Amino acid sequence: MTESVASATGKPNESRLPSSELRAKRRRVRMFKDKVSKVGITSAGYGVVFSLALIFIYLFYEVMPILKGADVEQQASFELPVAAEQGNLEHLIMERYQEMGVAFTDQGQITFFDAFSGAVEHSESISDITDAHVSSFAHGENLGGLVGFGLDNGEVLFAKPDYELNFPNDQREITPSVAYPYGNSSVVLDPQGAAIELLTVQESTRGRAQAMAVGYTADQRFVAARVSTRENLFTGQLTSQVSRFELPGIPGTPKSMIIDKSFRNLFVADTDGHIHYIDLSSPNAARWVESVNVTNDDITAMEFLVGSVSVIVGTSEGELSQWFLVRDEDNNYSLERIRDFDQHAGAITSISAEYTRKGFVATDATGGVGLHYGTSSRTLFLDQIAENTLPHVAMSPVDKAIFTLGSDGLVTNYSVWNEHPQLSFKALWNKVWYEGRAEPQYVWQSSSASDEFESKFSLIPLSIGTLKAAFFAMLFAMPLGIMAAIYTAYFMTPKLRGVVKPTIEIMEALPTVILGFLAGLWLAPFMESNLPAVFTTLIGLPIMMLLMAFAWKSLPENLRNRVPAGWEAALLVPIVLLFGTFAVVASPYMEVLFFDGSMRQWLTDNGITYDQRNALVVGVAMGFAVIPTIYSIAEDAVFNVPKHLTQGSLALGATPWQTMMGVVLPTASPGIFSALMIGFGRAVGETMIVLMATGNSPIVNFNIFEGMRTLSANIAVELPETAVGSSHFRILFLAALVLFTFTFILNTIAEVVRQRLRARYSSL
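Each residue of the sequence shown is one higher than the one before, starting from 82 at the first, in our numbering.
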């Protein structure tokens, strides 16, 4: 009876409540769960930040080696193993395993010696082949290894060091010898028999083996001979064919000369600091083209970089400059000074080019050695490493060691660490004047089938391509996503919203590789064939929808009331389909009427390049990938605006449109801005769509009818093909670091702006 009364009077029934011990236990459990949740969520947050930091650290770790310069360390030093009676040294080289050096003297002695002890491995003289005396010496490009001995009887003898490689007992054994690739006898260079006082030789490996020699005779004439060989398939016997030419003179006294591998261009340095360019493209009608003043002092060294396009010139003042031929609009070539390198302390005495890169080593009269690189304009190492003049230097074929010969007769072997000379801030972000180009340009071309290729690592085309793809994607996705979100959240009936919103959001589940596949194989050809329909739809459809809205507003009210409020948008579906169908059907007729039968050809005739896979295709395809992200976040932001704000505005007499513009949008602006930034970040990082629908060409423009190559697509394409640790490998990681940093900064700015917008409109 007491319990009933207590219950009836509304007083608590103590016997039905949990005991104090049970309540305390439950409280402890709840506090424990709260603490675990707090620790877990906090740890997850810190884990995300830590993961981002690790990503940044790892990317920077992979990029850091390209910031280092070169390092040179002495390995060995010994007397030049050439006796005085064998002549003075003319040329010094190193074989590819860096175990052996080769010395060529002005008396025709060729000596192979150990690179660390100087012990002679093999020696022979051209006197065993010819009775004539050596009057001049020349060497071709380092990569080929060809040398030539000019003789006092007007002839030239071609030779080349050769190495036989064996592995007895699993130990590498190199057996050196001298090869005579164009016969064991000398070739007549001057039929008149005058001594060859200056000589240059070069070899071309394109097609059958052939070489060219140009000599300056004692009676001041330029003579040339082109030698080619043919091997008998049955006997193995070599037969040589020689063509001889007389060349024009120059207005000066020759001092040295070099000829390129195409046998088309001869450069002659004179005693007055000029370089003379002689065009040999028609050997029987060779012509002197121009003389270029390099220095007011003396030219002391001149050498080709690998590929024999660029000429490196050293002067008595220690200056080093790079020159190559540039073609003008009239198809005429002229020798241009492209770039200068850090000046040495003394006169340049010797230059040796790298075998597979556009770098070189130079020595000077004060004992200084400099490692320089052409494309990046870098001087990676410049220091005095000897106390006397260094008249000769040799670079190893793998660019990891150098020989120097001092005036005291000591040969010094240095190890070289110079892994990434191609990369510099200027090469990555500024215009660079590449070989064969008419002017400095932004170019990305990371590889080629030729060892003579000049790597082009400008990140500007990739960065512009990334921004271009994101811009056109947002140009398509932003208005559609934002407008659809506003209409769906504020004007559409809940029932229709329950169908539209999930449908758009499920689009985000479409794999981007499928979108890219459809864009590249179906959408791009369709748009190319129906360009008038595309632009008619883009321009005319919004106008048509506005006209339909005006017509709807003009209908009698009893007709408009037959359509429930919020369902008006459904009436536009057949209109959009009919308009699109009309545009496609009318497209051929519009092309005939306005564009002479082909809009693509009309664009080309007006100077606008059109590629089938272009930014327009990417904008549409990537827009479909970005729209669900923008729409979903923006729609939630608009829909979650507090109802009391909108109801208060309507109660005060504002129209729904005024309420949306003056209350809803300002309140939802932080969420809408976040939607745009997240969508933009998604567009910047997109890979598969731009990879499959753009042509992937690294070009620098914002033409909507041309493609692009983005940072992310470039990494996806090239990273699997690179050698780990190579310059190409590290530049791709630098591209990833640039992309990561850009998106990080963008998201940080977006968050700051979002917080300010939120603080500004939170008081509404």
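By construction, the Cβ of each residue, glycine as well, lies at the ideal position given by its N, Cα and C atoms. The structure displayed is predicted, hence computed values, not measured ones.
Return the chain-ordered list of same chain residues with a C-beta closer than 6 Å to the C-beta of I785, the five sequence neighbours on each side being excluded.
Taking the sequence shown and counting its residues from 1, one reaches residue 785 at position 704. Answer for I785: A696, L697, listed in chain order.
Can you name the start and end residues of the alpha helix (DSSP H) that T123 belongs to?
What you label residue 123 is simply residue 42 of the sequence shown in a count that begins at 1. Element bounds for T123: 101-144.
Please tell me whether S544 and S536 are closer than 9 Å, where the distance is taken between their beta carbons.
Here residue 544 is taken as the residue at index 463 of the sequence shown, counted from 1. Here residue 536 is taken as the residue at index 455 of the sequence shown, counted from 1. It is not a contact, given that the beta carbons lie outside the stated cut-off.
Using the C-alpha atoms, what's the distance from Q155 back to S204?
As a first step, residue 204 is located in the sequence shown; it is residue number 123 there, counting from the start. As a first step, residue 155 is located in the sequence shown; it is residue number 74 there, counting from the start. Roughly 26 Å separates the two Cα atoms.
How would you write the range of the beta strand (DSSP E) that F197 sits in, first residue to last?
For the purposes of this step, residue 197 is taken as the residue at position 116 of the sequence shown. Element bounds for F197: n/a, residue is neither H nor E.
Distance, Cα to Cα, G150 vs V581?
Here the question's residue 150 lines up with position 69 in the sequence shown. Here the question's residue 581 lines up with position 500 in the sequence shown. The alpha-carbon atoms of G150 and V581 are separated by roughly 59 Å.
Residues in its own chain within less than 7 Å of S216 by CB, not counting five upstream and five downstream?
Numbered from 1 along the sequence shown, position 135 holds the residue referred to as residue 216. These residues qualify, in order along the chain: G231, L232, D233, A276, I277, E278.
T877: buried (16+ other C-beta within 10 angstroms of its C-beta) or exposed?
Nothing can be reported for residue 877, as the shown portion of the chain is limited to 82 through 845.
With DSSP as the reference, please indicate the residues paired to V474 in a beta bridge.
The residue you call residue 474 lines up with position 393 of the sequence shown. Beta-bridge pairing links V474 to T485.
For the alpha helix (DSSP H) that R841 lies in, which residues bound it at each end?
Against the sequence shown, residue 841 aligns to sequence position 760. From DSSP, the alpha helix (DSSP H) with R841 extends over 808-842.
If you drop the 5 nearest sequence neighbours on each side, which residues of the same chain put their C-beta closer than 6 Å to that of Q291?
Sequence index remark: in the sequence shown, residue 291 carries index 210 (1-based). Counting only Cβ-Cβ distances below 6 Å, and skipping sequence neighbours, we find S285, S309.
For the putative contact between A550 and M758, defined by C-beta atoms under 8 Å, what is the C-beta separation to the nearest angstrom?
Working through the sequence shown from its first residue, we reach residue 550 at position 469. Working through the sequence shown from its first residue, we reach residue 758 at position 677. Not a contact, Cβ separation roughly 17 Å.
Which residues does DSSP list as the beta-bridge partners of G235?
Position 154 of the sequence shown, counted from the start, is the residue given in the question as residue 235. DSSP, once it has assigned bridges, lists no residue as partnering G235.
With distance defined between alpha-carbon atoms, name the residue in I331, S198, G579, S158 nearest to A367.
Along the sequence shown, read from residue 1 onward, the residue named residue 367 stands at position 286. It is I331 whose Cα lies nearest to the Cα of A367.
Note down the Cα distance separating E236 from A213, rounded to an integer number of angstroms.
By 1-based counting over the sequence shown, the position of residue 236 is 155. By 1-based counting over the sequence shown, the position of residue 213 is 132. Each residue's Cα considered, the two are about 9 Å apart.
Are the Cβ atoms of L463 and G455 separated by less than 9 Å?
Translated into the one-based positions of the sequence shown, residue 463 becomes position 382. Translated into the one-based positions of the sequence shown, residue 455 becomes position 374. Not in contact: L463 and G455 (Cβ atoms no closer than 9 Å).
Relative to the alpha-carbon of V226, which residue among S321, A434, G121 has its alpha-carbon at the smallest distance?
Sequence index remark: in the sequence shown, residue 226 carries index 145 (1-based). Before going on, a small fix: residue 226 reads as Gly here, not Val. It is A434 whose Cα lies nearest to the Cα of G226.
Out of V666, V183, I567, point me to the one whose CA is closest to S610's CA.
Numbered from 1 along the sequence shown, position 529 holds the residue referred to as residue 610. With distances taken between Cα atoms, S610 lies closest to V666.
So is R763 buried or exposed if we call it buried at 16+ other beta carbons inside 10 Å?
Stepping through the sequence shown from its first residue, residue 763 is reached at position 682. With 16 or more Cβ atoms within 10 Å of its Cβ, R763 is classed as buried.
For I585 versus S713, is the C-beta spacing smaller than 9 Å?
Against the sequence shown, residue 585 aligns to sequence position 504. Against the sequence shown, residue 713 aligns to sequence position 632. Yes, the pair counts as a contact, with Cβ atoms nearer than the cut-off.
In angstroms with no decimal places, state the Cα-to-Cα distance between G333 and A294.
Position 252 of the sequence shown holds residue 333. Position 213 of the sequence shown holds residue 294. If I take the Cα positions, the gap works out to 21 Å.
Would you check if there are 3 or more beta carbon pairs closer than 8 Å linking the region 464-484 to the region 434-449?
These segments touch.
Quick check: the Cα distance between E589 and I711, rounded to an integer number of angstroms?
Counted from its first residue, the sequence shown places residue 589 at position 508. Counted from its first residue, the sequence shown places residue 711 at position 630. In a straight line, the C-alpha of E589 is about 10 Å away from that of I711.
Within 10 angstroms of the Cβ of N642, are there 16 or more other Cβ atoms? Answer buried if so, exposed if not.
Position 561 of the sequence shown holds residue 642. N642 comes out exposed.
Rank R841, M769, V524 by C-alpha distance to the C-alpha of F598 and give the top, closest one.
For the purposes of this step, residue 598 is taken as the residue at position 517 of the sequence shown. Nearest of R841, M769, V524 to F598, Cα basis: M769.
For the region 613-620 against the region 662-676, do three or more pairs of beta-carbon atoms, one drawn from each stretch, fall closer than 8 Å, so that the two count as touching?
Because the criterion of three Cβ pairs below 8 Å is met, the region 613-620 and the region 662-676 touch.
Specify the secondary structure class of T727 as computed by DSSP and reduced to three states.
Within the sequence shown, residue 727 is the residue found at index 646, counting from 1. Three-state DSSP puts T727 in a helix.
So, using beta-carbon positions, are V719 and I567 closer together than 9 Å?
Looking up residue 719 in the sequence shown gives position 638. Looking up residue 567 in the sequence shown gives position 486. Yes, these two residues count as a Cβ contact at 9 Å.
Nearest-angstrom Cα distance between P709 and I419?
Numbered from 1 along the sequence shown, position 628 holds the residue referred to as residue 709. Numbered from 1 along the sequence shown, position 338 holds the residue referred to as residue 419. Cα to Cα, P709 sits roughly 51 Å from I419.
Under a Cβ-count criterion, where at least 16 other Cβ atoms within 10 Å of its own Cβ denotes burial, should R109 be classed as buried or exposed?
Working through the sequence shown from its first residue, we reach residue 109 at position 28. Label assigned to R109: exposed.
Kindly indicate which residue of K116, V144, F326 has the alpha-carbon position closest to the one of G806.
Taking the sequence shown and counting its residues from 1, one reaches residue 806 at position 725. Nearest of K116, V144, F326 to G806, Cα basis: V144.
Quick one: what's L658 bridged to in DSSP?
Your numbering for residue 658 matches position 577 in the sequence shown. None, per the DSSP bridge assignment.
Take D379 as the anchor and find which of E520, G388, G395, P364 has the nearest alpha-carbon.
Position 298 of the sequence shown, counted from the first residue, corresponds to residue 379. Of E520, G388, G395, P364, the residue nearest in Cα terms is G395.
Is the beta carbon of L820 less than 9 Å from the beta carbon of T593?
By one-based count along the sequence shown, residue 820 stands at place 739. By one-based count along the sequence shown, residue 593 stands at place 512. Not closer than 9 Å, so no.
Does the beta-carbon distance from R307 to R325 come in below 9 Å?
As a working mapping, residue 307 is identified with position 226 in the sequence shown. As a working mapping, residue 325 is identified with position 244 in the sequence shown. Cβ atoms of R307 and R325: closer than 9 Å.
Can you say whether N499 is buried or exposed, counting buried as having 16 or more other CB atoms within 10 angstroms of its CB?
On the sequence shown, residue 499 is found 418 positions in, with the first residue counted as 1. So N499 counts as buried.
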